[in-house]
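Numbering (the UniProt record's numbering), first residue to last: 1 to 380.
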C-alpha cells in the first residue's frame, strides 16, 4: 500500500472545465479582499508572502472547495471525482477525501506538544474539547500555545491535520475570535458562539483573509507617506506640550482660567478644543494633501487642551501651532504652571507606533509539513 494520500488527481480534476470556475471562486473568496485592499494580483502573492505560504493559501482554498455543495443539483467535487475517477485511486486516499469533504476549518490552540509524535489542539471558535493530533513533522516545530488555522480530520481512528495550515500570531487569532463574538452579540469568552452551517462554511475564507490582512502589510514594507499639511498650510508634525502645575495649584483653578479664553471651548470637565476662525466660503485647493479636524459648523480645531493629573497637556499638529498655543497658555496661566516640555512625533513615527501596538513585529514561523506539491501524509 502506498504511504500517504496523493491528492494530485483531484487537484487536476479541480482545474477541469466542470470545476475550474468553482476553484476560481474559492480562490477569490480566500484572496480577493486582500488583493483589493493591498493592490496586488494573484500571481504576485508568492513574491509577497513567499512560495511556502502562497502554496498553503492555495491549499486552504482547494480544501474549501472540497467541502462545498454547488447548485444546481447539490454537486460536490469529492463525490464527482470518486464517481468518475475513483477506480484509479487508492482506498486510503478515497477515505481521506471523504474525511476532508466533511471537515471544518477553524482556529486552534496547540498544547502538550510531544516532538515526533503529536500534540493537543483546542478549537478556539467552536470551543470543543481538545483533540490529540498525530503529526510527526509539525510536532517538531509547533510550540505550546501556538495558534493555527487548520482542518482536523479523522482517518483510521487518528486525528490528522490537513495540508492547509496557517500559523497565526496570538494577537491576530484573538482578533478573529473577538470579531466573531461581536458579530454574534457574544461578549463573554465563556459563551459558546453556536455557529450555524452558513457561518461554518464562511470560516475558511475568513481565516485566510485575516491571515493575509495580518501578514501582507508587514511583508510589503511601509508605504510611501505623502507630506500632510493642516488647514493653515503647515506641515503636519504632532507636538505634545506638557505644562506642570505650580505648587498648590488645582485642576479646578486651571479650568476656571481656561474658561476665560474665547478660543477654548470646553467639551468635558478636563478637555477643551482650541478653535480657529471659521473660513468664509469654500477653501481654495492648494494641490497638497490636507489633514485637519473641524467642528460641525466648519470651525477648524487647532488643537486640544487636556488636564491630566498635575499637568496641562496641549496637543497640536504643527510647530507653528505649538508656538502659538504655548504662548496662549503661558499668558493665560501665568503663575499657575511651570516651564513647558515638548515632545514631537512625525506622521511616520505615529503610524509605526500604532502598527507596533496592534500587531506582532514578524509573521509567525512556517510549519514543517510531510508534504510535497501539497501531498498530504499522515503522522504516526
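Virtual Cβ for every residue (Gly too), placed ideally from N, Cα, C. Remember, it's a predicted structure, so these values are computed and weren't measured experimentally.
Look at residue 70 here: in three-state DSSP terms it is strand. With distances taken between CA atoms, residue 37 lies nearest to 214 out of 297, 214, 340.
The beta carbon of residue 332 sits closer than 8 Å to those of 257, 258, 260, 261, all from its chain and outside the five residues before and after it, given in chain order.
Note on geometry: alpha-carbon atoms of residue 338 and residue 266 lie some 22 Å from one another. Counting every other CB atom within 10 Å of its CB across the protein chains shown gives residue 166 a total of 16 or more, marking it as buried. Burial state of residue 8 is exposed, judged by a 10 Å Cβ sphere holding fewer than 16 other Cβ atoms. Between the C-alpha atoms of residue 248 and residue 317 there is a straight-line separation of about 31 Å. For residue 272, the enclosing beta strand (DSSP E) starts and ends at 271-275. Contact annotation: residue 57 and residue 30 have beta-carbon atoms nearer than 8 Å.
A direct Cα-Cα distance of roughly 22 Å separates residue 313 from residue 231.
By the C-beta density criterion, residue 239 is buried, having at least 16 other C-beta atoms within 10 angstroms. Inclusion of residue 306 and residue 271 in the CB contact set at 8 Å is warranted, their separation being smaller than that value. DSSP places residue 25 in the helix class (H, G or I) of the three-state scheme. A contact between stretches requires three or more CB pairs, one per stretch, nearer than 8 Å, and the region 108-122 meets this requirement with the region 144-155. Here residue 130 has 120, 122 as same chain residues with Cβ atoms under 6 Å from its own Cβ, once five neighbours each way along the sequence are excluded.
The beta carbon of residue 79 sits closer than 8 Å to the beta carbons of 101 from its chain, once the five residues preceding and following it are set aside; these are given in chain order. Remark: C-beta atoms of residue 325 and residue 303 approach each other more closely than 8 Å. The beta carbon of residue 254 lies closer than 8 Å to those of 245, 307, 312, 333, 336, 337 in the same chain, with the five residues before and after it left out.
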